[in-house]
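Okay, structure first, notes after.
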Amino acid sequence: MWDCYEYGFNPNINKRQIDEDKIRPEEVSAANSALEKLEVDSLQQKKGKEDNKGKRGYYERLNKGRRYSETPQQRRKSIAFDMALEWFRGFSKYADQLPNTSSRPLPSCLTKNAVYMLYKEEMGENPTLSRVHFLYKMWKVNFADVYIPKVDESAWKLKTHLTGVLVNPKQKAYSFLDFCEFPHDSNLTITVLLETLLDHKRSQGYLPPVLYLQLDNCWRENKNKFVLGFICLLVERKIFEKIKVSFSVVGHTHENIDQMFSCFARRLAKNDAHTLEALMDQLTVSYTPSVTVGELSSVFDVKAWMEGSINQISGHIHQHAFKVQNDIDGRSRLFYKKCTSSPVWLPDGVIRLISTIPRGGPKLVKPNTTGGMSLDKLEQDLPKYTMKFQESEMVWWRKFLTRQRKRHQRPDKAKKWGLDGLVNASGQIGTGQSSLLQRS
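UniProt numbering puts the sequence shown at residues 1 to 440.
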């Protein structure tokens, strides 16, 4: 039997075992209520333990997985990130608080690279973040209101343009730099091609009989009758026996030439170049093989020179491969294919792009001094860079402006057309083949 007291009961007795004949009804009712309450409390307690156990197990497994998957380098980066946050929080106290906005500008004489170098110097032997992580994940995300004002934002900047050339295609690299003084058309392309061939012959002593060219599929600079006509002229003058030209299709990626320009961009993103010499030095060491960088101070007006010697053509913009070679009469013939993989060269007849060989040489294109290169605006805004440039760099810019003014007043009329220099003195063509990749 069991005893039911005012303050409790014996839980080991099931209510079905109660002999109702020997117990008063009110005692039976009280016992049943107590047992029901006990069962409910027991179920809730059991369910709560299971829930807590499940939650604890989930977070324990999660932390355990993180602990095992996290490398020592990742844990060190986490410490470095926290330390960088604390360092920049203290550094941002030097920023000004504007009355009408929440933005906090730092002194305009600073640069992001200078802030990062100061951070690395003050951190000493402690773990530090990489430059990209510091600038674009820590600073930009956590301190978006802190910025460096650009005092030179409205200043006139010297525009530059690069034309890259790869020969064979890892043997030698060229980069021709101009100041947007000349139109970027077929005159620029032909001048760059001629300079590359002249340098290749000076270094190798000869030119190969077959030349392979790969060019961007741009009608303004490359795929036009003047570039194709100049290629026919190289064959008709017996400088090459055969030239094959391929134009890249839409959506292409040059594996080598694009990589070179990508290396240029990565190098200049991490290293400042405040003068032309500094820019050339950075470009030279940014790629392997080292890049031969030259300033393109003049461009030949080949279009005007060849205008009366080229026959009209049409439909060439739809083709992606061309071949030029001489026939038995020593005249150049132009062939084409829709794609480089097409098996047959077209047409069956004869396309002669060159009617006659032009005489003499072309004149120079007159530079545009009011477009991309405005010397007056550069000289007027030069003092705005005083806080960022060193005194030696300011002196270089003053000399550069003086030199460019003299060049514009007295153009380099003595520059010679070098096509005749490509013909071997013995009249013989060298052996082997050469390929050129070109991109602007």
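Quick reminder that beta carbons are idealized off the backbone N, C-alpha and C, glycines included.
**Prompt:** Do you know offhand how far N271's Cα is from T160's?
**Reply:** 17 Å
**Request:** Determine the closest residue to S355 out of G229, E195, E122, P107, with distance taken between C-alpha atoms.
**Result:** G229
**Request:** Please name the residue or residues paired with S332 in a DSSP beta bridge.
**Result:** N326
**Prompt:** beta strand (DSSP E) containing Y174: first to last residue?
**Reply:** 172 to 178
**Message:** For E307 and S290, what's the separation of their Cα atoms in angstroms?
**Reply:** 38 Å
**Asked** Going by Cα to Cα distance, which pick from V146, T128, R89, F81 is closest to R104?
**Response** V146
**Asked** How do the stretch 79 to 96 and the stretch 126 to 140 stand: do at least 3 beta-carbon pairs fall below 8 Å, yes or no?
**Response** yes
**First and last residue of the uninterrupted alpha helix (DSSP H) at K303** = 302 to 306
**Message:** Once DSSP output is grouped into helix, strand and coil, what is the label at R398?
**Reply:** helix
**Asked** Which class does F91 belong to by DSSP, given the choice of helix, strand or coil?
**Response** helix
**Asked** Is it true that the CB of I243 sits closer than 8 Å to the CB of L211?
**Response** yes
**Request:** Mind checking who P105 pairs with in its DSSP beta bridge?
**Result:** Y147
**Message:** Quick check: what's the CA-CA separation for P347 versus L215?
**Reply:** 22 Å
**Item:** Cβ separation of G330 and W417, assumed to be a contact under 8 Å, to the nearest whole Å
**Value:** With a Cβ gap of about 22 Å, G330 and W417 do not count as contacting.
**Request:** Please report how far the alpha carbon of C180 lies from the alpha carbon of Q282, in whole angstroms.
**Result:** 20 Å
**Item:** Element boundaries [beta strand (DSSP E), containing Y212]
**Value:** 210 to 215
**Item:** For E295, three-class secondary structure by DSSP
**Value:** strand
**Item:** Assigned secondary structure, D21 (DSSP; H/G/I helix, E/B strand, else coil)
**Value:** Because the pLDDT of D21 is 47, which lies under 50, any placement of that residue in the model is unreliable, and the number read from its coordinates should be weighed accordingly. Coil.
**Request:** Sort out for me which residues DSSP pairs T369 with in a bridge.
**Result:** In DSSP, T369 forms no bridge with anything.
**Message:** Does the contact criterion of 3 or more C-beta pairs under 8 Å hold for the stretch 183 to 193 versus the stretch 402 to 411?
**Reply:** no
**Request:** Could you spell out the range, first to last residue, of the alpha helix (DSSP H) harbouring K223?
**Result:** Unbroken run through K223: none, as it is neither H nor E.
**Request:** Could you check the C-alpha separation between R237 and S309 for me, to the nearest Å?
**Result:** 14 Å
**Limits of the beta strand (DSSP E) - the one that I243 falls within** = 242 to 247
**Prompt:** Taking the continuous beta strand (DSSP E) assigned at H161, which residues delimit it?
**Reply:** 161 to 167
**Request:** Leaving out five residues on either side along the sequence, give the residues of the same chain with a beta carbon under 7 Å from the beta carbon of V249.
**Result:** N217, H320
**Item:** Whole-number beta carbon distance between I313 and L353, since they are thought to touch under 8 Å
**Value:** 6 Å
**Asked** When burial is assigned at 16 or more other CB atoms within 10 Å of the CB, is V114 buried or exposed?
**Response** It is Ala, not Val, that sits at residue 114 in the sequence shown. Counting Cβ neighbours within 10 Å, A114 comes out exposed, since fewer than 16 surround it.
**Request:** Grab me the residues of L166's own chain with a C-beta within less than 6 Å of its C-beta, minus the 5 sequence neighbours each way, in chain order.
**Result:** A173, N256, I257, L437
**Request:** State buried or exposed for P367, treating a residue as buried only when at least 16 other CB atoms are found within 10 Å of its CB.
**Result:** buried
**Message:** My output table needs one value for A273: the three-state DSSP class, helix, strand or coil.
**Reply:** coil
**Item:** Per-residue DSSP class, three states only, for L129
**Value:** coil
**Request:** For I310, name the three-state secondary structure that DSSP assigns.
**Result:** strand
**Request:** Name the two residues that bound the continuous alpha helix (DSSP H) containing R202.
**Result:** 186 to 204
**Asked** In whole angstroms, what separates the C-alpha of P358 from that of L296?
**Response** 24 Å
**Prompt:** Based on the DSSP secondary-structure assignment, which residues constitute the bridge partners of Q380?
**Reply:** Answer is none; Q380 lacks a bridge partner.
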